[in-house]
Amino acid sequence: MASKKVPSFEYALCMACGSCLPACPFGCLSLSKQGLDRYRTAFPRLDRPESCTGCALCAKACPVDCIGLVAASDLVERKKENS
Ligand code: SF4
Ligand code: SF4
Numbered sequence: 773m774a775s776k777k778v779p780s781f782e783y784a785l786c787m788a789c790g791s792c793l794p795a796c797p798f799g800c801l802s803l804s805k806q807g808l809d810r811y812r813t814a815f816p817r818l819d820r821p822e823s824c825t826g827c828a829l830c831a832k833a834c835p836v837d838c839i840g841l842v843a844a845s846d847l848v849e850r851k852k853e854n855s
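If you count the sequence shown from 1, position 38 lands on 810 in our numbering, and the numbers rise without skipping.
Set out below in structure tokens:
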């Protein structure tokens, strides 16, 4: 069975504009101040992965095209690698 898709953010490009948040019909995204660096005020993150349908509306709303849809299982693996 194909793995469920969820958004993954290219943080180097993200300018924390917040446009992806209201684009999500299910309120899955939030802006977080966790992991701040000297250039950015916030980072978008997927707060409610269980409610995400992989519809990609957040990716379409991003003005700098820094959201990609990836398999949820890949995201878990990436988080493990980065921790
Ligand atoms: S893919 Fe769709 S449901 Fe998932 S976070 Fe983006 S807008 Fe929300
Ligand atoms: S719409 Fe794009 S640039 Fe704006 S906060 Fe979301 S991911 Fe970042």
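Heads up, the beta-carbon is just placed ideally off N, CA and C, and yes, glycines get one too.
(request) Check P816 in the structure and name its three-state DSSP category. (result) P816: strand per DSSP, three-state reduction.
(message) Please identify the residue among L803, V842, S791 whose C-alpha is closest to the C-alpha of K777.
(response) Taking only the C-alpha atoms, the option nearest K777 is V842.
(request) Specify the secondary structure class of K777 as computed by DSSP and reduced to three states. (result) strand
(request) Can you give me the Cβ contacts of A795 inside the same chain, cut-off strictly under 6 Å, excluding the 5 residues immediately before and after it? (result) L829, C830, A833
(request) Would you identify the three-state DSSP class for S802, choosing helix, strand or coil? (result) strand
(message) Measuring only the C-alpha atoms, how far is A784 from R817?
(response) 14 Å
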